Structures are given as structure tokens and as C-alpha cells.
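These protein sequences, in sequence, are chains A and B. My numbering puts the first residue of the first sequence at 611, with every later residue one more than the last. My numbering puts the first residue of the second sequence at 23, with every later residue one more than the last. Report on one structure; see the data block that follows.
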Amino acid sequence: DVKVTQSSRYLVKRTGEKVFLECVQDMDHENMFWYRQDPGLGLRLIYFSYDVKMKEKGDIPEGYSVSREKKERFSLILESASTNQTSMYLCASSFSRGPGEQYFGPGTRLTVT
Amino acid sequence: SQQGEEDPQALSIQEGENATMNCSYKTSINNLQWYRQNSGRGLVHLILIRSNEREKHSGRLRVTLDTSKKSSSLLITASRAADTASYFCATPSYFNKFYFGSGTKLNVKP
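This is the structure in C-alpha cells:
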């Protein structure tokens, strides 16, 4: 079974803190994605990576950065957390070839106070 | 944007009834996928339909695709309380980057 794990299920941070969210997949997928999910807004793509050290901005990259040093690990970094970044963060991965079915992690609910 | 949009936003039915959700998208696609999300969890892939297919079945799920209308529907037959979840359609773009809609929230009452 494909497994995508995220470092925390729940996280509470203070405004201005640097926050790291980590995602690990065990299926040797080339593509990895970070989304945030807010009520009424669906899933919005923050960043994605199609190979090690390669990344592309999604629809809402402002305030975020990412790192992919190893194929199985994709990190989302909030450089200086703000209250409007309180959200559910979902990581996903997929093969680059084929229909691209995405496998999701369980999500991290981040609260910034 | 190729964003899929689901309709209705919310649906409440009794156990045993059928549930139908619709999805519209904006540009041409190679395939369209449906996902389910249980409350507070990640999404799980349900079914994929390719652009040259009109209908596909998987257990109690039936998906149709009308590329001329740029729409798809997901039918869940004989629904169960365990089907209570949010359902999303997704259309892949380059690098298999996906566009998801806001989802249909299905509540199946026992």
C-alpha cells in the first residue's frame, strides 16, 4: 500500500515563528504536492515538485517556501507564520507518467495564534 | 483554470437512497478523477474516467463523463452511513498538477 505520512496531525504555532511541515512518501513517486484546504475554498495548490530539487509555484505560494532534497521527502516552510495561514495542510504524491492518481497524507491542522 | 466545480455543495439523504453529485470543468482533459475525504482526513482516490470513456463502474460507484458539456457525475447507489464524506472531482494538468473543486458534502442518515 502507498503510504504518505505527514510529520504532525495537529500543530499550534505563534505568529512570526518559522514552521516546518514534512511529508514523506514510500512509493518512489516523482511528483509531490502541498495544498491548503479552507472551508468553502476547496484545495488550493501551494507548491509542487516534479523531481529532487525541482519546484514550481502553485496558485498561492506567497508566504511559503519548499524544499525537496530527497525524492521521498517534501517540506513546506512557513518563513514567518501569520494567523491567515491557519489551515489544514495536505501533502500528496503521484507518478509523473500515467493518469497521475494522487495519494494523500492524513493532513496537518495548523493553528497560528 | 481547469478547476472542477462540484454541485450541489451539500446533499443529505437517507441510508439506502442513491446520491448523485455533479462536476463541471472548463478546458479539455485527458481524464477526470473523483476523490473522497472523510472529515478531517486526507483525500482518497475513488475512480478515474478517461476522456474517451462515457461511463465507468466500480462497486456501488458509477461515473459518467460528457466531454461535450464538460461535465461528469458520480452516482453512489444504495448509500450507507459510511459514505458520509466530502467528494471532489479533479482534472489533471501538466506534471499531473491537479485542480480540485470545493467538493460536495454528503451526509447519509442512518
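No residue lacks a Cβ here, since even glycine has one placed at the ideal position from N, Cα and C. Just so it is clear, the structure is predicted and the values come from calculations on it, not from any experiment.
By the DSSP assignment, the beta strand (DSSP E) with residue i in it spans what residues?
i, result
"VAL634(A)", "629-635"
"SER685(A)", "683-688"
"TYR660(A)", "652-661"
"PHE110(B)", "107-114"
"PHE3(B)", "Residue 3(B) lies beyond the residue range present for chain B, which begins at 23 and ends at 132; the question has no answer from this structure."
"PRO643(A)", "Residue 643(A) is actually Phe in this sequence, not Pro. Here the beta strand (DSSP E) through PHE643(A) covers 641-648."
"SER80(B)", "77-80"
"ILE69(B)", "65-72"
"ALA104(B)", "Run containing ALA104(B): none; DSSP gives neither H nor E here."
I'd like to know whether the C-beta of residue i is nearer than 9 angstroms to at least one C-beta of chain B.
i, result
"TRP674(A)", "The residue you asked about is not Trp; residue 674(A) is Tyr in the sequence shown. Not one chain B Cβ lies under 9 angstroms of TYR674(A)."
"PHE684(A)", "no"
"VAL614(A)", "yes"
"GLY626(A)", "no"
"PHE630(A)", "no"
"GLU679(A)", "no"
"GLU689(A)", "no"
Note down, in chain order, each residue of its chain lying with its Cβ closer than 8 angstroms to the Cβ of residue i, except the 5 sequence neighbours on either side.
i, result
"SER95(B)", "THR42, MET43, ASN44, CYS45, VAL85 and THR86"
"ARG624(A)", "ALA691, VAL722 and THR723"
"VAL662(A)", "ARG678, GLU679, LYS680 and LYS681"
"ILE69(B)", "GLN55, TRP56, LYS78, SER80, LEU83, VAL85 and LEU96"
"MET698(A)", "ARG646, GLN647, ASP648, GLY717, THR718, ARG719 and LEU720"
"PHE714(A)", "VAL614, LEU700, CYS701 and ALA702"
"GLU75(B)", "LEU87"
"ARG654(A)", "TYR645, ARG646, GLN647, ASP648, GLY668, ASP669 and ILE670"
"GLU689(A)", "LYS628, GLY673, TYR674 and SER675"
For chain A, is any of its Cβ atoms less than 9 angstroms away from the one on residue i?
i, result
"PRO30(B)", "no"
"HIS67(B)", "yes"
"TYR109(B)", "no"
"ALA112(B)", "yes"
"GLN24(B)", "Residue placement at GLN24(B) is poorly supported in this model, since its pLDDT is 49, which falls under 50; the coordinates are not used for a value here."
"SER34(B)", "no"
"TYR47(B)", "no"
"GLY125(B)", "yes"
"ARG72(B)", "yes"
For residue i, which residues of its own chain have a beta-carbon under 7 angstroms away from its beta-carbon, when the five flanking residues on both sides are left out?
i, result
"GLU711(A)", "SER704"
"TYR620(A)", "ARG719"
"GLN36(B)", "LYS131"
"PRO716(A)", "GLN616 and ARG619"
"SER706(A)", "GLU640, ASN641 and TYR660"
So which residues on chain A does residue i lean against when the C-beta distance must stay under 9 angstroms?
i, result
"ASN53(B)", "PRO709 and GLY710"
List the residues of chain A that residue i touches, going by C-beta distances under 7 angstroms, in chain order.
i, result
"LYS134(B)", "The question about residue 134(B) has no answer here: the residues shown for chain B are numbered 23 through 132."
"ARG63(B)", "PRO716 and GLY717"
Using the beta-carbon of each residue, which ones in chain B are nearer than 8 angstroms to residue i?
i, result
"GLY650(A)", "SER124"
"LYS700(A)", "It should be pointed out that residue 700(A) corresponds to Leu in this sequence rather than to Lys. Near LEU700(A) (Cβ distances below 8 angstroms), the residues of chain B are GLY64 and LEU65."
What residues in its chain sit with their C-beta under 6 angstroms from that of residue i, if we drop five residues either side in the sequence?
i, result
"SER108(B)", "GLN59, GLY125 and LYS127"
"LYS613(A)", "ASP636"
"THR99(B)", "ASN40 and ARG82"
"SER93(B)", "SER46"
"ILE138(B)", "Here chain B covers residues 23 to 132 and nothing more, so residue 138(B) does not appear."
"LEU631(A)", "LEU686, TYR699 and THR718"
Are there three or more Cβ pairs, one per stretch, closer than 8 angstroms when the stretch 47-57 of chain B is compared with the stretch 108-115 of chain B? yes
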